[in-house]
Amino acid sequence: MLYTIMPFDHLSVVLFIAFISYSLAQYSGTLQSVQILFRHGQRAPTNFLLFPTEDFKLLKGFTIEPGEMTNDGIVQEYQLGQNIRTTYDVFIGKRYVPSKLSVLTGVDNRTVVSASTVLASLFPPQDDQIWKKYFNWQPIAIHTQPILDHVSFGALERCKALLKFVEKSTAYQKIVAEDSKLKSWLTALTGINVSDPILYNRVLDTLMSRANLNQLPPPIWARNGTVQKLLTNKHRRLHSQIIDIFLSQSGGWIFDQFVDAIENRINQNTNHTLLLYSAHDASIQTIGKFLSVPELDTLPSFGAYMALEHHFKDGQNIIELWYHPVLNGSRRLITIPNCTDPCSFETFKKLKPRVSSSSWMFTCQGQPPFCDDDTIVLGAMIGLTILLGILSVLLIFVCCAYRHRLNKLLDPEQQSLLHS
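For the sequence shown, my numbering assigns the number 53 to the initial residue and increments by one for each residue that follows.
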């Protein structure tokens, strides 16, 4: 009997690696929770769809508003949901169970839409969850956290106090001073003065975004391969420089979210086994820089994600970091610097200082930190204790006063005076 040997092509390698990753993650029986931070799908430019020097007739037929997801972006996020399903199918189960799932997005529409799309792919209704025949979708709770949008230039555009601090920094002044010839060239071609780093980023963002849009390609002068490579490198470097200026704060906040979720799982404060964070490319780069992970120190493509897995092995809580840089590509295990293999949670949570939401908002807005939930509860308990103490003192005083009056009434001498 003759057997035909199938060629071991690239697809086979990808499927084999995916299967191994799937098996290791699920059948070891050690996985306790997984947190996935992913980038939204393809979008339109966030600010300038066209430049003042372009013919606005080019927008005819292009109906997507600035910063919003394209249909291709929706497809990308749906595929991301399928990828997560394949990787963690047994662990997360087929059914959507609200107590086991946490979903956080920024307030940018593209992060919310991305999360909705991932969830539609990840958790179609099962059996009694089907509420409309032939409609393979169910509503799933999503919570917004504005701080998820506070990364790189997103933070500068939303945080007035932070912007003032950054503008005074030496690093920011260096950004203002460099690339003068390129900035003059872009200013002439676009009609936008890009001497300001924020406007410089907006122009570069438009060029990078339109390079991926068949419906709205970049200007002819920006289609040259050499020019595209130059602009791409400048765009990445610019974000890297901005992220570095306030990395300890923004990275510390993301780190705090990860650590807090694992602590809640260990202490059984929550039952979350899957936690999704729908965010931005700069979000992944920020935490990568913060943890000194070189593989994550770049702006990843649409639909990329990092997964922080919490395992319990040999009586110890262990952390594993997985990176999926390209949609539908393979993912790989990443070594966390200064956290030996296996990386214990006790070591991991002490790698860098954590930044609470209240501390970040103080950095962002320059206002006194608002109280987080734990502080509010503690403050309420202290206030209630003080109030009860005051009431107790008043009650004792009233009781003593009435007792004194009663003793007077029972005194024989007082009684004789009353009867006389």
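Note that the Cβ used here is the ideal one computed from N, Cα and C, for glycine as well. All of these numbers come straight from a predicted model, not from anything done at the bench.
Membership of residue 260 in the alpha helix (DSSP H) is indicated by the continuous run 249-262. In this structure, residue 339 lies away from residue 205, with their beta-carbon atoms at least 8 Å apart. By the neighbour-count criterion, in which a residue is buried when 16 or more other Cβ atoms sit within 10 angstroms of its Cβ, residue 415 is buried.
Beta-bridge analysis with DSSP links residue 395 to 371. Residue 325 is a Cβ neighbour of residue 143, given a cutoff of 8 Å. Ranked by Cα distance from residue 363, the options 101, 125, 396 and 337 are led by 396.
Residues 297 of the same chain have their beta carbon placed closer than 6 Å to that of residue 223, with the five preceding and five following residues left out of the count.
Cβ atoms of residue 93 and residue 166 come within 8 Å of each other, at about 6 Å. Here DSSP, grouped into helix, strand and coil, assigns residue 116 to coil.
In this structure, residue 336 sits away from residue 346, with a CB-CB distance that is not shorter than 8 Å. A direct Cα-Cα distance of roughly 43 Å separates residue 187 from residue 107. Per DSSP, the continuous alpha helix (DSSP H) segment holding residue 301 begins and ends at 299-318. Straight-line spacing of the CA atoms in residue 358 and residue 260 works out to 23 Å. Scanning its chain for C-beta atoms nearer than 6 Å, with the 5 sequence neighbours on each side dropped, one finds around residue 389 the residues 344, in chain order.
Contact between residue 170 and residue 214 is ruled out by a C-beta separation of about 30 Å, above the 8 Å threshold. Counting of Cβ neighbours within 10 angstroms places residue 311 among the buried residues, the total reaching 16 or more.
For residue 363, the secondary structure class from DSSP, reduced to helix, strand or coil, is strand.
The alpha-carbon separation between residue 400 and residue 440 amounts to approximately 42 Å. Put simply, of 419, 158 and 266 the residue whose alpha carbon is nearest the alpha carbon of residue 329 is 158.
Excluding residues up to 5 positions away in sequence, 84, 85, 324 and 362 lie with their Cβ nearer than 7 Å to the Cβ of residue 317 in the same chain. Between the segment 301-315 and the segment 401-409 there are three or more inter-stretch CB-CB distances shorter than 8 Å, so the stretches are counted as touching. Taking all protein chains shown into account, residue 162 has 16 or more neighbouring C-beta atoms within 10 Å of its C-beta and is therefore buried. In the structure shown, residue 350 falls within a coil segment according to DSSP collapsed to helix, strand and coil. For the set 105, 115, 123 and 149, the Cα lying nearest the Cα of residue 354 is the one of 123. Short of 8 Å from the beta carbon of residue 211, and not among the five residues preceding or following it, lie these beta carbons of its own chain, in chain order: 202, 415, 416 and 417. Less than 8 Å separates the beta-carbon of residue 379 from that of residue 356. The beta carbon of residue 126 is closer than 8 Å to those of 93, 165 and 169 in its chain, skipping five residues each way along the sequence. Annotation: the segment 111-183 contains the following complete segments of the beta strand (DSSP E) (minimum length 3 residues), in chain order: 153-157.
Between the segment 111-120 and the segment 239-257 there are fewer than three inter-stretch CB-CB distances shorter than 8 Å, so the stretches are not counted as touching. The C-beta of residue 275 has fewer than 16 other C-beta atoms within 10 Å across all chains shown, which makes the residue exposed. A distance below 7 Å between beta-carbons, with the five flanking residues on each side excluded, links residue 238 to the following residues of its chain, in chain order: 246 and 255.
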